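*Asks:* Sharing a structure below in structure tokens format, with a few things to ask.
In the working numbering, the protein residues as written are 5 to 209.
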């Protein structure tokens, strides 16, 4: 009977938590948005893995000429690290129900992320000024593609960040936005890891 009961469970009908009931009566509970984010991050990881694999295979051809790494990428990397730290502090303040700290660090994290994206555009401009266009060399094309796709994912994160910020401005309490801040923090940490891998790959090649 216990097995049939498990088969009849419809976890997609729950509004807050997705629970998986095991035969020894233990339960595994995870908020539905967090479960959705984890699935999405797995898909994104597979996507970036395929892009990196294509990058490493393509560079073996004789027409490959490595793209110089602009010094701005070092600065941008530091900015992205700081933005991830700021988002983590925002999450910490949300758990401790400190609204002043939550507002501060959430704003700092978003502003630093915008600064990172602006720095990436300036790095593009520097490369183009040196004649490194996407159409002139496969290495250049991969450089622009990898940095652009990473930037687009950050822009998507800023959409979620802006919604959370808007809720706080409308008077939402820490309990109301704690999960949203946690989701943003996990997403920022993930994209920081992806960028560190991409940046190391660009430096090594």
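Glycine is no exception: its CB is placed at the ideal position from the N, C-alpha and C atoms. Every value quoted in this text rests on a predicted model; they were computed, and no experiment measured them.
(1) On the CB-based measure, 16 or more other CB atoms within 10 Å of its CB, does residue 91 come out buried or exposed?
(2) Just checking my contact of residue 211 with residue 120 at CB under 8 Å: how many whole Å lie between their CB atoms?
(3) Report buried or exposed for residue 210, applying the criterion of at least 16 other Cβ atoms within 10 angstroms of its Cβ.
(4) Buried or exposed for residue 175, please, with buried defined as at least 16 other CB atoms from any protein chain shown within 10 angstroms of its CB.
(5) On the premise that residue 71 lies in contact with residue 143, defined as a C-beta separation below 8 Å, what is that separation, rounded to the nearest angstrom?
(6) Do you know offhand how far residue 115's Cα is from residue 122's?
(7) Which residue comes first and which comes last in the alpha helix (DSSP H) that contains residue 203?
(8) Within its chain, find whatever has a CB closer than 8 Å to the CB of residue 169; leave out the 5 residues flanking it on each side and keep chain order.
(9) Which residues mark the beginning and the end of the alpha helix (DSSP H) in which residue 163 is found?
(10) Which of helix, strand or coil does DSSP assign to residue 101?
(11) In three-state terms, what does DSSP make of residue 114?
(12) Please work out which residues of its chain come closer than 7 Å, Cβ to Cβ, to residue 217, disregarding the five sequence neighbours upstream and downstream, and give them in chain order.
(13) Thinking C-alpha only, which one of 171, 183, 166 and 206 is nearest residue 151?
*Replies:* This is what the structure gives:
(1) Buried, by the Cβ-count rule.
(2) Nothing in the structure corresponds to residue 211, since the chain is present only between 5 and 209.
(3) There is no way to answer for residue 210, as the model of the chain reaches only from 5 to 209.
(4) Per the 10 Å Cβ criterion, exposed.
(5) Your pair residue 143 and residue 71 checks out as a contact, with CB atoms roughly 5 Å apart and the cut at 8 Å.
(6) Roughly 11 Å separates the two Cα atoms.
(7) Secondary structure note for residue 203: its alpha helix (DSSP H) is the uninterrupted segment 178-208.
(8) 110, 111 and 114, listed in sequence order.
(9) Note, residue 163: alpha helix (DSSP H), 142-173.
(10) For residue 101, the secondary structure class from DSSP, reduced to helix, strand or coil, is coil.
(11) In this structure, residue 114 counts as helix in the three-state DSSP scheme.
(12) This structure does not reach residue 217, given that the chain is present from 5 up to 209, and the question cannot be answered.
(13) The alpha carbon of residue 151 has as its nearest neighbour, out of 171, 183, 166 and 206, the alpha carbon of 206.
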